[in-house]
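As they're listed, the protein sequences go chains A and B.
Going by my numbering, the first residue of the first sequence is number -10, and it counts up by one from there.
Going by my numbering, the first residue of the second sequence is number -10, and it counts up by one from there.
Think of the CB as a built atom: it goes at the ideal place given N, C-alpha and C, for glycine as much as any other residue.
Predicted, not measured: the structure shown is a model, and the values here were computed from it.
Protein chains: 2
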Amino acid sequence: MPDPPIVRIDLGSGAPAYAQIVAQIRALLVSGALEPGTRLPTVRQLAVDLGVHHNTVALAYRTLAEEGWLELRRGRGAVVVAREGPRASARAQAEFSQHLEGLLAKAAADGLSSKAIAREFRALGRKLWKGKTS
Amino acid sequence: MPDPPIVRIDLGSGAPAYAQIVAQIRALLVSGALEPGTRLPTVRQLAVDLGVHHNTVALAYRTLAEEGWLELRRGRGAVVVAREGPRASARAQAEFSQHLEGLLAKAAADGLSSKAIAREFRALGRKLWKGKTS
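Have a look at this one:
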């Protein structure tokens, strides 16, 4: 029985497919839903499941490997590794702040209330950090 | 005495200049820092201030005009108008949720703590909604 794909491509999104794959797998890694030792689908398999070129998946896996999340094996396997998190650079903090402000302003411009936005933030915080955010 | 430009282009950012201009002016509009009746710099003036092509600024202004924030005048002037906010579509909500999750996971992967992320969220909420978020 094949498992459902671990990620889902949204064709209506402006983001490139590789970036969507990276973002979704990264969220699973941060939350611990994908633990060290977990074997990801092969590049070829995930490409078939998602209907994208295998280079797209390969680029996503390489990006996550460079961030220290995955070890890439011969034959295109990828295994989750225990990752030593970096200390946040000032650059990373400034970028986060800038992107978050843009995203919140866009949501408000699209008609989301500040309450709805705060609710979503809390829900995602619980999902990513299992209640460690408050 | 020339005022400082209302936006700032970050050359190190991956986002295109026009998108940075849109995002920053939109944040000023959402927060009310730019009120209805305010006249923005001309396309040409802002392009000179930022060191970008005037088409870049023109595209940013058109994008904000299409969102209902600006009225564009002959001679390239742009005036902030009172905007009837849309009701949030399901699509806008889903996109916000997806982008926010990606952004939070990236910040966590870059080493920002959940506390630092929550603090930044609250600070931006206060800035955009003047304390209406909690």
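Worksheet item: Which parts of the region 34 to 86 of chain A are runs of the alpha helix (DSSP H), unbroken and 4 residues or longer, counting only runs that do not cross its ends?
Response: 43 to 55
Worksheet item: What is the DSSP secondary structure of B:L23, reduced to helix, strand or coil?
Response: Residue mapping note: residue 23 of chain B aligns to position 34 of the second sequence, counting from 1. DSSP places B:L23 in coil when its eight states are reduced to three.
Fill in: Under 9 angstroms (Cβ pairs) to chain B, residues found in the region 81 to 101 of chain A
Answer set for the region 81 to 101 of chain A: A81, Q82, A83, E84, F85, S86, Q87, H88, L89, E90, G91, L92, L93, A94, K95, A96, A97, A98, D99, G100 and L101.
Item to complete: To the nearest angstrom, report how far apart A:L113 and B:R62 are at their CA atoms.
Response: Sequence index remark: in the first sequence, residue 113 of chain A carries index 124 (1-based). Sequence index remark: in the second sequence, residue 62 of chain B carries index 73 (1-based). Each residue's CA atom was taken as its position, placing A:L113 and B:R62 some 42 angstroms apart.
Worksheet item: Got a sec? Which residues, its chain only, sit under 6 angstroms from B:A49 by beta carbon, not counting five neighbours each side?
Response: Residue 49 of chain B sits at position 60 when you count from the first residue of the second sequence. Correct list, in chain order: Y7, I10 and V11.
Discussion item. I want to verify the contact list: residues of chain A whose CB lies under 7 angstroms from the CB of B:E56, in sequence order.
Written reply: Reading the second sequence from its first residue, position 67 is the one you call residue 56 of chain B. What B:E56 touches in chain A: A98.
Practice prompt. Can you check DSSP and say which residues form a bridge with B:G0?
Written response: Looking up residue 0 of chain B in the second sequence gives position 11. Checking the sequence shown, residue 0 of chain B turns out to be Leu, not Gly. B:L0 is not bridged to any residue.
Discussion item. Since B:V128 and B:T27 should fall inside the 8 angstroms C-beta cutoff, what is the C-beta to C-beta distance between them, to a whole number of angstroms?
Written reply: In the structure displayed, chain B extends from -10 to 123; residue 128 of chain B sits before or after that span and is not available.
Worksheet item: Under a CB-based cut-off of 7 angstroms, is A:G21 close to chain B?
Response: The count along the first sequence starts at 1 and reaches residue 21 of chain A at position 32. Not an interface residue.
Item to complete: Check whether the Cβ of B:P30 lies closer than 7 angstroms to any Cβ atom in chain A.
Response: Within the second sequence, numbered from 1, the residue matching residue 30 of chain B stands at position 41. Not one chain A Cβ lies under 7 angstroms of B:P30.
Fill in: Beta-bridge pairing of A:R28 - partner residues as DSSP gives them
The sequence position of residue 28 of chain A within the first sequence is 39, counting from 1. Answer is A:V68.
Worksheet item: Nearest-angstrom Cα distance between A:G57 and B:A98?
Response: Translated into positions along the first sequence, residue 57 of chain A becomes position 68. Translated into positions along the second sequence, residue 98 of chain B becomes position 109. Rounded to whole angstroms, A:G57 to B:A98 spans 10 angstroms at the Cα level.
Worksheet entry | Within chain A, partners of B:E109 - CB distance below 7 angstroms | Numbered from its first residue, the second sequence carries residue 109 of chain B at position 120. F85, S86 and L89, listed in chain order.
Worksheet item: So, is the C-beta of A:G74 closer than 7 angstroms to a C-beta in chain B?
Response: Here residue 74 of chain A is taken as the residue at index 85 of the first sequence, counted from 1. Taking Cβ atoms only, chain B reaches closer than 7 angstroms to A:G74, which makes this a yes.
Practice prompt. Let me know if B:H42 comes out buried or exposed under the rule of 16 or more other beta-carbons within 10 Å of its beta-carbon.
Written response: Here residue 42 of chain B is taken as the residue at index 53 of the second sequence, counted from 1. The residue is exposed, with fewer than 16 neighbouring Cβ atoms inside 10 Å.
Fill in: Cβ distance (whole Å) where B:L89 is taken to contact A:F85 below 8 angstroms
The residue given as residue 89 of chain B occupies position 100 in the second sequence. The residue given as residue 85 of chain A occupies position 96 in the first sequence. 12 angstroms between Cβ atoms; not a contact.
Discussion item. Strictly under 7 angstroms for the Cβ-Cβ distance: is A:L113 near chain B by that measure?
Written reply: To locate residue 113 of chain A, count along the first sequence from 1; it is residue 124. It does: the Cβ of A:L113 has a partner Cβ on chain B nearer than 7 angstroms.
Discussion item. I want to see whether chain B comes within less than 7 angstroms of A:Y15, judged by CB atoms only; does it?
Written reply: Within the first sequence, residue 15 of chain A is the residue found at index 26, counting from 1. First, the amino acid is wrong: residue 15 of chain A is Arg here, not Tyr. Yes, its Cβ sits closer than 7 angstroms to a Cβ of chain B.
Discussion item. Please confirm whether B:A49 has its beta-carbon closer than 7 angstroms to some beta-carbon of chain A.
Written reply: Working through the second sequence from its first residue, we reach residue 49 of chain B at position 60. By this cut-off, B:A49 is not an interface position.
Discussion item. If we define contact as Cβ-Cβ less than 7 angstroms, is A:L117 a contact residue for chain B?
Written reply: Residue 117 of chain A sits at position 128 when you count from the first residue of the first sequence. True, the Cβ-Cβ gap to chain B drops below 7 angstroms.
Fill in: B:A6 at chain A interface by Cβ criterion, 7 angstroms
Taking the second sequence and counting its residues from 1, the one referred to as residue 6 of chain B is at position 17. No, because no Cβ of chain A sits closer than 7 angstroms to the Cβ of B:A6.
Worksheet item: If you measure from the beta carbon of B:A67 to each beta carbon in chain A, is any gap under 7 angstroms?
Response: Indexing the second sequence from 1 puts residue 67 of chain B at position 78. It does not; no Cβ of chain A falls within 7 angstroms.
Worksheet item: Just to confirm, are A:V46 and A:V32 a CB contact at a threshold of 7 angstroms?
Response: For the purposes of this step, residue 46 of chain A is taken as the residue at position 57 of the first sequence. For the purposes of this step, residue 32 of chain A is taken as the residue at position 43 of the first sequence. Closer than 7 angstroms, so yes.
Discussion item. Between which residues of its own chain and A:A71 is the CB-CB distance below 8 angstroms, once the five residues before and five after are set aside?
Written reply: One-based indexing of the first sequence puts residue 71 of chain A at position 82. P25.
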